[in-house]
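Quick notes on the structure that follows.
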Ligand code: GLY
Ligand code: MN
Ligand code: MN
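Residue numbers (our numbering): 3 to 441.
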């Protein structure tokens, strides 16, 4: 069994290999995210930068990973805050370089205060510098300063990196395919969030406000050790279900409403992203059930299409065709399937894509097309499957369908033979959902 530290070390080793392949070696510098002030002396809850955390697992602010692919081999260095008894009394534990080196598997760890002094030496005689460009403005300035500092030393016989590479490109490619440790964390995130959706179904009743359901979700996330929401929870009842990124979560719900919840926790840096839609009073009406069954059929057809070797965009086409045929069958659209596909008429009710990469970021790193061609799925890729239907009041729509909004979203991991549904525990069929609402 590999321990967690080895996974992080292997990711750093893989990046070092890429640096050698790309430029014959070089220096990679990955800063973590700064703390951000919310108001006066309060900061937002701290979250490390995804790229930095992917390579280190190190949770503290004020830290930089430095990877050297040099003529005498590789060196993995962490710069981090020093131990500080006074600050630790006020703000809590700090690893300090000595412990961080051991626990996070670096060859060397140094105080962050030594960074400015050490960098010119680390960057001298390296063919390339690999670092994020345009991610943090103060860092961009520090990189420019560093390059100038090294250039200023040329008369001592050193050379500055000739090439600066945005390290996010190779890291995005790596992050697209999850390793075993990432898969385990995503399974856990999916399981916690699935439980939260079941809890929301059981708790919701007419007369509640949307924020009360949001509180139930949050309760379930935190009590299972999730650190945060992966994105602001969407708790959208009645007409709000037709607002794709609804945020207010403040409407009072009534019997007869549907409630669309798009919510997932972040567990040790990994996102889950689930949508379920259910009746506030526990029973789907006839038209609600018709639309729900259609979206469910589309979602199941999409899931069926996910396996290694297929194009990322294949299941999006599946969603469009199943939904468009359903709109014709329900009398929401007129014409033939080819006509409504060609004209795009189905977009009146379905206007987003069927999913996206999922990982440390809810809309995760990784290209969708490579030189124009759709990315093909390989084992280890993680993605969402989330068709929906949103029927706003309109002259061309029968009134009994007005304000019905349904989305069903699962998270899947591509496996050698197909896929694993990470969020299968969230109730989904009409019977499962109505049953969960009765609990
Ligand atoms: N919750 C954002 C999304 O589903 O993409
Ligand atoms: Mn999503
Ligand atoms: Mn979502």
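Just so you know, even glycine gets a beta-carbon here, dropped at the ideal spot from N, CA and C. Note that this is a predicted model, so its numbers are computed, not measured.
Candidates the options, of which the one nearest residue i by Cα
i, options, result
"residue 33", "62, 8, 27 and 436", "62"
"residue 270", "58, 12 and 44", "58"
"residue 381", "365, 176 and 289", "176"
"residue 236", "324, 125, 220 and 401", "220"
"residue 420", "250, 383, 283 and 24", "383"
"residue 292", "315, 328, 303 and 275", "328"
"residue 50", "64, 21 and 282", "64"
"residue 215", "223, 202 and 226", "202"
"residue 181", "20, 71, 361 and 372", "361"
"residue 83", "10, 126, 36 and 187", "36"
"residue 192", "228, 66, 172 and 286", "228"
"residue 124", "284, 146, 60 and 152", "152"
"residue 168", "310, 89, 21 and 71", "21"
"residue 223", "395, 211, 200 and 38", "200"
"residue 273", "120, 89, 279 and 415", "415"
Burial state of residue i, where buried means 16 or more other Cβ atoms lie within 10 Å
i, result
"residue 430", "buried"
"residue 40", "exposed"
"residue 196", "buried"
"residue 301", "buried"
"residue 47", "exposed"
"residue 92", "exposed"
"residue 183", "buried"
"residue 150", "exposed"
"residue 164", "exposed"
"residue 102", "buried"
"residue 268", "buried"
"residue 258", "exposed"
"residue 157", "exposed"
"residue 281", "buried"
"residue 154", "exposed"
Beta-ladder partner(s) of residue i, from DSSP
i, result
"residue 78", "69"
"residue 278", "263"
"residue 409", "390"
"residue 359", "385"
"residue 133", "168"
"residue 269", "272"
"residue 378", "313"
"residue 211", "254"
"residue 246", "The partner list for residue 246 (beta bridge, DSSP) is empty, contrary to what the question assumes."
"residue 41", "44"
"residue 33", "66"
"residue 421", "416"
Proximity below 8 Å, CB of residue i to CB of residue j
i, j, result
"residue 241", "residue 5", "no"
"residue 343", "residue 326", "yes"
"residue 410", "residue 206", "no"
"residue 262", "residue 238", "yes"
"residue 255", "residue 208", "yes"
"residue 393", "residue 244", "yes"
"residue 265", "residue 198", "yes"
"residue 7", "residue 78", "no"
"residue 367", "residue 174", "yes"
"residue 189", "residue 385", "no"
"residue 80", "residue 54", "no"
"residue 131", "residue 29", "yes"
"residue 521", "residue 117", "The structure shown does not extend to residue 521, since the chain is modelled only from 3 through 441, so no value can be given for it."
"residue 314", "residue 377", "yes"
"residue 317", "residue 356", "yes"
Interface flag, residue i vs chain C, CB-CB below 8 Å
i, result
"residue 217", "Here chain C cannot be found, since the structure has a single protein chain."
Any non-hydrogen atom of ligand 5 closer than 7 Å to residue i Cβ
i, result
"residue 354", "Here the bound small molecules are ligand 1, ligand 2 and ligand 3; ligand 5 is not part of this structure."
query = Whose beta carbon lies closer than 7 Å to any heavy atom of ligand 3, going through the chain in order?
reply = 264, 266, 275, 276, 277, 386, 388 and 411
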